[in-house]
Amino acid sequence: MSHMFVFFVYFYSRWLWKIIKNERLFDRLCQPLQPPAQHLLCCLKEIQPGNCFICLPAISMFLNTLTPKFYVALTGTSSLISGLILIFEWWYFRKYGTSFIEQVSVSHLRPLLGGVDSSSPSNSNTSNGEADSNRQSVSECKVWRNPLNLFRGAEYNRYTWVTGREPLTYYDMNLSAQDHQTFFTCDSDHLRPADAIMQKAWRERNPQARISAAHEALELEDCATAYILLAEEEATTIMEAERLFKQALKAGEGCYRRSQQLQHHGTQYEAQHRRDTNVLVYIKRRLAMCSRKLGRTREAVKMMRDLMKEFPLLSMFNIHENLLESLLELQNYADVQAVLAKYDDISLPKSATICYTAALLKARAVSDKFSPEAASRRGLSTAEMNAVEAIHRAVEFNPHVPKYLLEMKSLILPPEHILKRGDSEAIAYAFFHLQHWKRVEGALNLLHCTWEGTFRMIPYPLEKGHLFYPYPICTETADRELLPTVFHEVSVYPKKELPFFILFTAGLCSFTAMLALLTHQFPELMGVFAKAFLSTLFAPLNFIMEKVESILPSSLWHQLTRI
168 MSHMFVFFVY FYSRWLWKII KNERLFDRLC QPLQPPAQHL LCCLKEIQPG NCFICLPAIS
228 MFLNTLTPKF YVALTGTSSL ISGLILIFEW WYFRKYGTSF IEQVSVSHLR PLLGGVDSSS
288 PSNSNTSNGE ADSNRQSVSE CKVWRNPLNL FRGAEYNRYT WVTGREPLTY YDMNLSAQDH
348 QTFFTCDSDH LRPADAIMQK AWRERNPQAR ISAAHEALEL EDCATAYILL AEEEATTIME
408 AERLFKQALK AGEGCYRRSQ QLQHHGTQYE AQHRRDTNVL VYIKRRLAMC SRKLGRTREA
468 VKMMRDLMKE FPLLSMFNIH ENLLESLLEL QNYADVQAVL AKYDDISLPK SATICYTAAL
528 LKARAVSDKF SPEAASRRGL STAEMNAVEA IHRAVEFNPH VPKYLLEMKS LILPPEHILK
588 RGDSEAIAYA FFHLQHWKRV EGALNLLHCT WEGTFRMIPY PLEKGHLFYP YPICTETADR
648 ELLPTVFHEV SVYPKKELPF FILFTAGLCS FTAMLALLTH QFPELMGVFA KAFLSTLFAP
708 LNFIMEKVES ILPSSLWHQL TRI
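Heads up: the sequence shown begins at 168 in my numbering, then just goes up one per residue.
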């Protein structure tokens with residue numbers, strides 16, 4: 168495509184040069200003008216009458232002698248140049264999300280023209296509310312571990328084998344490697360040979376090298392983290408992963424009891440106990456997820472409840488979101504409401520699971536009898552108003568979710584990490600909860616009728632939020648790192664409007680191309696229009712010159728030319 172464009176520019180340039188030579192433009196431009204015209208406009212300049220080359224009558228004579236080929240070349244060249252600018256502006260906007268001309272104008276031309284620099288001291292002082300808002304936006308752009316993440320070997324790898332696509336990005340897997348090193352290693356690992364091998368295994372990039380290291384560690388002793396790695400990456404089925412996690416649980420409980428007795432003997436033992444606690448919680452949570460995937464949902468709920476009671480302070484794993492999904496599968500809505508009452512608190516961080524589950528429960532009370540026609544006639548009842556407000560609250564927190572729930576956008580496998588309020592969180596939520604919305608009669612219909620009304624309530628531009636902090640601007644960049652953009656189009660909110668210069672260059676390119684085409688097809692008619700337009704354009708200037716000549720004495724022109 169690029170080669171064809173280069174050839175087009177080359178042949179067009181040769182055609183344009185041929186027209187210029189045939190029209191003898193350079194010879195005409197270099198011819199000196201007649202003495203009356205020279206004498207008329209050689210004023211207010213230090214130019215001798217014999218060397219003046221420009222005047223209005225000469226311009227009119229020059230334009231009248233041009234053939235239609237020149238106008239075709241002129242408009243075609245203008246269309247080509249504006250088209251090149253349009254292509255570059257569009258490429259720059261798609262890659263960086265801003266207009267190149269606007270960026271240059273703001274960053275380089277504005278300071279030269281006396282504009283206010285954004286880094287000036289006068290703008291450096293912000294209010295406490297704005298500072299809190301900025302800090303909140305930074306915290307919301309933090310990448311979190313997906314509490315419902317799938318198994319690498321039994322789910323992600325099976326998808327790769329079937330489709331040939333990689334569902335996880337390098338950035339996502341690198342974050343998982345960092346999590347594993349944080350949760351499953353400590354400074355005292357060198358004291359135990361198996362833990363020392365696993366410490367190196369978690370840093371390996373090659374999956375086969377990690378699996379080989381885990382088998383090597385198991386040859387030395389029963390190592391809980393080695394079983395974890397094999398269950399996550401080598402097991403090809405959930406049943407096989409569950410078997411390995413049960414072996415990891417047996418080894419992990421033994422290490423946890425031993426380190427619990429020694430945790431107060433020094434900082435080294437305290438770090439080892441913290442590591443063993445993380446390992447034990449991870450194993451029990453993954454065992455509960457295996458039970459949920461194998462259809463033993465009540466057993467999974469019991470395991471999650473016991474885990475939350477035993478380790479209430481370890482909220483980093485967000486086990487309550489696993490519990491909410493399992494309770495929804497059981498259609499135990501009363502227990503779902505009890506969990507929401509505990510975690511849907513103003514002081515706790517929100518998530519799409521909490522906000523949309525609360526909306527689902529309120530929509531469940533009215534969705535089976537909801538009709539948009541009847542609601543428009545009689546108005547919304549109190550229960551319907553509460554459901555609509557809950558949907559608006561959820562959509563404001565994460566505006567990407569409704570398109571996946573309404574199947575307006577195709578789903579992909581969720582990543583191992585999510586960005587709250589981003590497209591990655593929306594995919595992770597809809598992947599597991601779409602079935603729960605379908606199970607509630609009329610819930611998706613209510614969502615379809617009301618979710619777009621949220622955007623009329625949010626101030627625009629988005630300096631302020633309505634129920635939450637302003638929507639962070641960093642979500643698109645992080646989601647493009649977390650999601651496989653090769654076969655998934657990242658959802659962007661708010662939709663970026665096309666910059667003015669892209670629209671301007673597109674209009675200019677189209678207009679000049681149309682002029683070139685019309686001039687080529689109807690040369691005589693377009694010549695008449697061009698002369699009429701130029702005469703109209705220069706009419707005010709000719710009128711002013713005539714008035715000036717009638718008012719000022721004729722000898723003044725000679726005096727001005729001598730100055």
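Where a beta carbon is used, it is the ideal one built from N, C-alpha and C, also for glycine.
query                                                                                                                           : result
When T524, Y326 and G243 are compared against T500, the one with the closest alpha-carbon                                       : The question names Thr, but residue 500 is Tyr in the sequence shown. Out of T524, Y326 and G243, T524 has the C-alpha closest to the C-alpha of Y500.
Nearest to T349 (by Cα), restricted to the options A402, A438, E388 and R377                                                    : A438
Per-residue burial, E477 [other beta carbons within 10 Å of its own, 16 or more giving buried]                                  : exposed
Close Cβ partners of L247 (< 6 Å) along its chain, the five nearest in sequence each way excluded                               : none
Residues bridged to W311 [DSSP beta-bridge criterion]                                                                           : I585
R463 - DSSP class collapsed to helix/strand/coil                                                                                : coil
Inter-residue spacing [alpha-carbon to alpha-carbon] between A541 and L547                                                      : 9 Å
Three-state secondary structure assigned by DSSP to C422                                                                        : helix
Outcome for A526 when other beta-carbon atoms lying within 10 angstroms are tallied against a minimum of 16                     : buried
CB of A418 within 8 Å of CB of L411, strictly                                                                                   : no
E574, DSSP secondary structure in three states                                                                                  : coil
C-alpha gap between Y338 and F351, whole angstroms                                                                              : 20 Å
CA nearest to the CA of P566, picked from T679, W618 and L481                                                                   : W618
C-beta atoms of L611 and L573 nearer than 8 Å                                                                                   : yes
Backbone CA spacing between I718 and H687 [nearest angstrom]                                                                    : 45 Å
contact_flag[the segment 580-589, the segment 467-481] where n(CB pairs < 8 Å) is 3 or more                                     : no
F710, buried or exposed, once every other Cβ within 10 Å from all chains shown has been counted against 16                      : exposed
Reduced DSSP secondary structure (H/G/I, E/B, other) of L629                                                                    : A caution first: L629 carries a pLDDT of 47, below 50, which makes its placement in the model unreliable, though a value can still be read off. Three-state DSSP puts L629 in coil, outside helix and strand.
V659 - DSSP class collapsed to helix/strand/coil                                                                                : coil
R544 at chain E interface by Cβ criterion, 8 Å                                                                                  : The chain labelled as chain E is not found in the depicted structure, where only one protein chain is given.
Cβ pair Y326, P314 closer than 8 Å                                                                                              : no
Pair within 8 Å by beta-carbon distance, A467 and A408                                                                          : no
Inter-residue Cα distance where the pair is T652 and G421                                                                       : 44 Å
Candidates R332, H347, A532 and W328: closest to V607 by CA position                                                            : A532
Beta-carbon proximity check, A415 vs I450, cutoff 8 Å                                                                           : yes
Euclidean distance between Cα positions of S543 and F537                                                                        : 11 Å
Nearest to P639 (by Cα), restricted to the options S343, G589 and R560                                                          : G589
Rounded Cβ spacing between V310 and L586 (contact assumed at less than 8 Å)                                                     : 6 Å
Cutoff 7 Å; reference L447; Cβ partners in own chain excluding five residues on either side                                     : G419, E420 and Y423
Proximity of L397 and A376 at Cβ, strictly below 8 Å                                                                            : no
Span separating the alpha-carbon of G462 from that of R647                                                                      : 34 Å
Candidates P479, R465, A361 and L480: closest to L495 by CA position                                                            : R465
Contacts around K714, its chain only, beta-carbon distance under 6 Å, and the 5 residues preceding and following it disregarded : none
Pairwise C-alpha distance: G250 and C676                                                                                        : 5 Å
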